[in-house]
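Visitor: Please read through the structure below; I'll follow up with questions.
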Amino acid sequence: MNELLKRVWIGLATALAVSLAAVVLPDHVQIDDDGHVHLGAPAPAPSPTEAAPAAESASPPLTREAVDEAIDTAVGAAGLDPEQGRPPVAAGVTPNRTGWTLLRDKAAAESEMNAICADLERQGWTPNPDPNGDRVEGSRSYKRGGWFLLVGTRGQTRAPSTASTASAPPGSQTYLTLTGLQLNLGDIPLPGITVSIG
C-alpha cells in the first residue's frame with residue numbers, strides 16, 4: 002500500500018511540474034506530431050553564414066534567502082510591511098519554495114501588485130511573456146537565477162467584523178500573493194507524455 006501511495010504522489014508531482022512549466026514557460030513546452038510533450042524550447046539552428054554567438058550570460062543561481070530578500074524589498078516598495086504577510090512555507094523547511102501572502106483591500110491590491118512587479122523588474126527579475134496579456138486581476142510571473150516568482154491576487158473573502166473593516170462590503174478583500182518556486186527541469190526525470198487528441 003505504501004508503494005502504491007508513493008507512486009501516486011510521484012505521478013501527481015510529475016503532473017504538477019508539467020502543468021507549472023506550461024503556465025510559467027509557455028514557450029518551452031513543445032508537443033510533437035505524435036502527441037509527446039517535451040519541456041525546453043528547441044535550440045535555434047545556427048545560420049551557416051553566421052558565426053556561433055557567444056554564450057548568453059545567465060543569472061547566477063539564487064538561494065531561498067536571496068529570493069526572500071527580493072520579495073521583502075518589492076513588498077516594501079509597494080508601501081507594505083513585509084512582516085505583516087505570512088509565508089506559505091516556513092524558512093528552513095523547503096529550500097526551493099517560498100512566498101508571501103497578505104489579505105488586502107481589493108481596490109488597493111491591483112496598484113500594490115503593479116508596484117511589486119515594477120520593483121522586481123528594477124531588481125533584475127525578467128518577466129515571462131503572458132500570452133493573454135495583463136488582466137485587471139491577473140497574475141504575472143518572473144524568472145531569475147533558477148527561480149520563478151508568481152505575483153497576483155486571488156480569492157475573495159468577506160470583510161472581518163472588526164472596527165476597522167466592519168463597513169467594508171462582502172467580497173471587498175483579496176489575497177495579495179507572491180509565490181516563489183525553484184525549478185530545475187533538467188534535473189527532473191520526466192516520462193514521455195502522450196496526448197490523445199480527438
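Under our numbering, the first residue of the sequence shown is numbered 2, with each subsequent residue one higher. A virtual CB, placed ideally from N, CA and C, is assigned to each residue, including glycine.
#1: Nearest by alpha-carbon distance to P62: which of K144, Q174 and S173 is it?
#2: When burial is assigned at 16 or more other CB atoms within 10 Å of the CB, is G156 buried or exposed?
#3: Out of curiosity, what's the CA-to-CA distance linking A119 and L104?
#4: Using a 10 Å radius around the Cβ and a threshold of 16 neighbouring Cβ atoms, would you call A56 buried or exposed?
#5: By a C-beta neighbour count over all protein chains shown, 10 Å radius and 16 as the cutoff for buried, is S142 buried or exposed?
#6: In terms of residue numbering, what span does the alpha helix (DSSP H) encompassing S142 cover?
#7: Given this structure, state the Cα-to-Cα distance separating L179 from I11, to the nearest angstrom.
Guide: Looking at the coordinates:
#1: K144
#2: exposed
#3: 20 Å
#4: Note that A56 has pLDDT 38, beneath the 50 cutoff, so the model's placement of it is unreliable and no number is given.
#5: buried
#6: No alpha helix (DSSP H) holds S142; the beta strand (DSSP E) holding it covers S140 to R145.
#7: 26 Å
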